[in-house]
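Everything on this sheet refers to the single structure shown next.
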Ligand SMILES: [Zn+2]
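See below:
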């Protein structure tokens, strides 16, 4: 299938005006499904020519204005339409395959009970794998859907179900929506439904997760209705759709998808055990994020993908803000500071960085744009909007957002439209602000220096910042805080003379901060004692960032962890810092010879926290870290044999699988995997077993895992799990030969299996402590592969095409930058 190009999409938008889709799906088949799409559209020029997408079909029949089109009109996922009338009706009948990779009509058989679930996962240019459509965001049309399926099933879709019976469902016509927002979820769902403000709401999950859904139903309903009340009160435009279903689905490639009226969530969000504080906060944030999309993204949609930030940056910002203001998750910005925002800085340092509001011309096709659903668009965009709110005031920001939504409702918009709306409500120079914050990539560095004893802030980079600076006495007491406007001119802070200071202590701005030696010595001494958890979150990020850039030695970072992390009282700061240290330092910057000692620091922190009891708010995160890093075989065996971690504390299913994985890593008989799977034959049990088998430290287990993912046809979930287990820390000798095989095999899998798998191959990049020569070999291998295909080649193109497909090309260039940075730090460490 050819990735839709910007020029084709612009051309088509000038020719067509699409009115409506009538879609009929026949989901009664097991191997494939039937799709009939009746499209009514106008052509601005009679006699014009265009095309409609229908991808990966097994068979296609098309009729335009009553005349059957020749078979030759259909090629490479497109049907050529010629000699258009002023008003046209196109009927496309297609037979299409189900998929297991999350891109299209995903079919999942639940191992727990054998039940089947079939869901259309669209997004970007995937809708054309489900029904024939003009698959670009600025050709909106109404959708009227009918479905045939197993009469025992429930079928959910964008519109409200108006009629069901005897295996047939009809849905109300939607308002105009972009094709990528189409959704259908069919299966024997367990449902919890309710009415709120006269609108039908529902939460749905697989039958085998009914207990978990019922357990969480009250909380999910509370979060949903409070966020809904908040957003409908904030926005002038009313909620635009006729129902609000939220479906926990299996095998989604994204955390969630904002389909109008029917949101899909990865069903991992329906926790099987006790969630950590961060996990609970994250779920509330995602619920609010998707709901904000009903306005930002669904009601008003970007014209082309360069403006995906108009959806994602806003939803990311609103997700944290609304989950806090409406649903009581008031520590969201703390979680953001230590869990999400650091990924925005990392993305902004890679060669692939781009302005938050990208140039349209740079997004030459959908595959290229796919790479921009990255942490620039989410985490940095969110942070930049937060700085905008700090700079403008929240009321002005909301007024601007409302002007934008009201002017462009049910239509499409771009950066200029947003700025015009903002300009209409503010006296400030929002265009100049946007030029440096939205249209330029990279971030500034704020340096703290001393003039005599007086702290001086200097900004390198040229953006205006508004941020809080806090001054501390040696005891750790706050002496004062003030909001500082910092731009080209240095700002002295005489009121904090002689004191330690923390810049951006309220995390309002997006900039790297480098403290002066006096202030950093204070942080090393007092970090866990500082009063404000948000400031501590910012400082843990700063410490890890300084380690990545070589400004802080790796042993000094672990000394900070040993001194302060177990004493960190806030559960989200604790968990976020723990994850940052494990993922960014332990897995990347530590030499194999130092791994055991460094992992020992982490497991000692976890053990200390758990010594306070298994009831505390930090216990779940500590237990997860302990299970991954401990060398205490007897402890893990005791957990498994007793089924509890401590008296009265049952072992959670996910923790059980972490313990099993760690046990086999430490040399236990792999039969423990089969025994555990017998006790937990669920979908996540299967995934846990796959991950653990791939982590077994024998050449045979590695060969079997490799064959499964690179020679078989795994689903997206299976692919991720096996790869996660495969590249296990401490197994560098076992996987050494596979470093080269990964570089050889990756492009072929990416070409064969499409966008989502390409991303999956990128995410399976080896990240574990490696000897320096192995790191250099991996770097050179990937560099060579990228050099052979500088521009990338289309995903799913001609099977024999050489080179690295576009989506994987982008992923690999990112991983290569991370590897190069790690090499830089590692090569300066004497004993590697
Ligand atoms: Zn989103």
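In this note's numbering, the protein residues as written are 46 to 877. For glycine and all other residues, C-beta sits at the position ideal for the given N, C-alpha and C. Only a predicted model underlies this, so the values are computations on that prediction, with no experimental measurement involved.
(Q) Count Cβ pairs between the segment 696-709 and the segment 737-746 that sit closer than 8 angstroms; are there 3 or more? (A) With a cut-off of 8 angstroms on Cβ pairs, the segment 696-709 is in contact with the segment 737-746, counting three or more such pairs.
Q) For the candidate residues 106, 107, 91 and 115, whose alpha-carbon lies nearest to that of residue 128? A) Just measuring C-alpha positions, the residue of 106, 107, 91 and 115 sitting nearest residue 128 is 91.
Q) Are the segment 546-555 and the segment 573-588 in contact at 8 angstroms, needing three or more beta carbon pairs? A) Touching, per the Cβ criterion.
Q) Quick one: what does DSSP say residue 841 is sitting in, helix, strand or coil? A) Interpretation of residue 841 is limited by its pLDDT of 42, a score under 50 that renders its predicted location unreliable; no figure is taken from the coordinates.
Q | Burial state of residue 658, where buried means 16 or more other Cβ atoms lie within 10 Å | A | exposed
Q | Residue ranges of each beta strand (DSSP E) within the segment 463-540, 3 or longer | A | Uninterrupted beta strand (DSSP E) stretches at least 3 residues long and entirely within the segment 463-540 occur at 489-496, 499-505, 510-517 and 523-531, given in chain order.
Q.
Can you tell me whether residue 284 is helix, strand or coil according to DSSP?
A. coil
**Q.** Candidates 609, 474, 443 and 771: closest to residue 280 by CA position
**A.** When C-alpha distances from residue 280 are compared across 609, 474, 443 and 771, the shortest belongs to 443.
Q) Excluding five sequence neighbours on each side, which residues of the same chain lie with their C-beta closer than 7 angstroms to the C-beta of residue 197? A) So the qualifying residues of the chain are 233.
Q: May I have a chain-ordered list of the beta strand (DSSP E) segments no shorter than 3 residues that lie completely inside the segment 160-192?
A: 161-166
Q. Based on the DSSP output, what are the partners of residue 65 in its beta bridges?
A. 85 and 187
Q: Scan the segment 271-317 and note each continuous beta strand (DSSP E) run of 3 residues or more that stays entirely inside, going in chain order.
A: 289-294 and 307-311
Q: Report back the beta-carbon spacing between residue 347 and residue 166 to the nearest angstrom; my notes put them in contact at under 8 angstroms.
A: About 20 angstroms separates the two Cβ atoms, so there is no contact after all.
Q: Using alpha carbons as the reference points, say which of 662, 629, 602 and 685 lies closest to residue 646.
A: Closest option to residue 646, judged by alpha-carbon separation, among 662, 629, 602 and 685: 602.
Q. Going by Cα to Cα distance, which pick from 662, 783, 542 and 124 is closest to residue 495?
A. 542
Q) By Cβ distance below 8 angstroms, which residues in the same chain neighbour residue 283 in space, the five residues on each side in sequence not counted? A) 277
Q: At 4 residues or longer, and completely inside the segment 776-849: list those alpha helix (DSSP H) runs for me, N to C.
A: Restricted to the segment 776-849, the alpha helix (DSSP H) segments that are unbroken, complete and at least 4 residues in length are 777-808 and 817-832, listed in chain order.
Q) Can you list, in chain order, the residues of its chain whose CB lies under 8 angstroms from that of residue 869, leaving out five sequence neighbours each side? A) 595
Q | Nearest-angstrom Cα separation, counted from residue 533 out to residue 621 | A | 33 angstroms
**Q.** Segment contact flag, the segment 378-398 with the segment 452-470, C-beta cutoff 8 angstroms, min 3 pairs
**A.** Cβ pair count under 8 angstroms is below three, so no.
Q) If you draw a straight line from the C-alpha of residue 305 to the C-alpha of residue 186, how long is it? A) 13 angstroms
Q) Is DSSP giving residue 457 helix, strand or coil here? A) strand
Q. CB of residue 356 to nearest heavy atom of ligand 2: below 7 angstroms?
A. For the structure depicted, ligand 2 is absent and the ligand set comprises only ligand 1.
Q. Between residue 385 and the rest of its own chain, which residues show a CB-CB distance below 7 angstroms, the 5 nearest in sequence each way excluded?
A. 424
Q.
Our contact map puts residue 150 next to residue 123 with C-beta atoms below 8 angstroms; I'd like the distance itself, whole angstroms only.
A. That belief does not hold up - the Cβ atoms of residue 150 and residue 123 are roughly 19 angstroms apart, past 8 angstroms.
Q: Using three-state DSSP, classify residue 228 as helix, strand or coil.
A: coil
Q. Can you list, in chain order, the residues of its chain whose CB lies under 7 angstroms from that of residue 103, leaving out five sequence neighbours each side?
A. 77, 140, 141 and 142
**Q.** Beta-carbon proximity list for residue 169, same chain, < 7 angstroms, skipping 5 on both sides
**A.** 225, 411 and 415
(Q) If you follow the beta strand (DSSP E) that residue 718 is in, where does it begin and where does it stop? (A) No beta strand (DSSP E) holds residue 718; the alpha helix (DSSP H) holding it covers 716-724.
Q: Measuring alpha carbon to alpha carbon, tell me which of 138, 746, 725 and 560 ends up nearest residue 710.
A: Nearest of 138, 746, 725 and 560 to residue 710, Cα basis: 746.
Q. Quick one: is the Cβ of residue 574 within less than 7 angstroms of any heavy atom of ligand 1?
A. no
**Q.** When 190, 96, 133 and 130 are compared against residue 117, the one with the closest alpha-carbon
**A.** 96
(Q) To the nearest angstrom, how far is the alpha carbon of residue 371 from that of residue 679? (A) 45 angstroms
**Q.** Cβ neighbours of residue 71 in the same chain (closer than 7 angstroms, five flanking residues each side left out)
**A.** 78, 79 and 193
Q. Curious, which full-length beta strand (DSSP E) runs of at least 3 residues does the segment 661-723 contain?
A. 689-691
Q.
Taking 7 angstroms as the limit between beta carbons, can you name the residues of its chain near residue 688, skipping five residues before and five after?
A. 695 and 696
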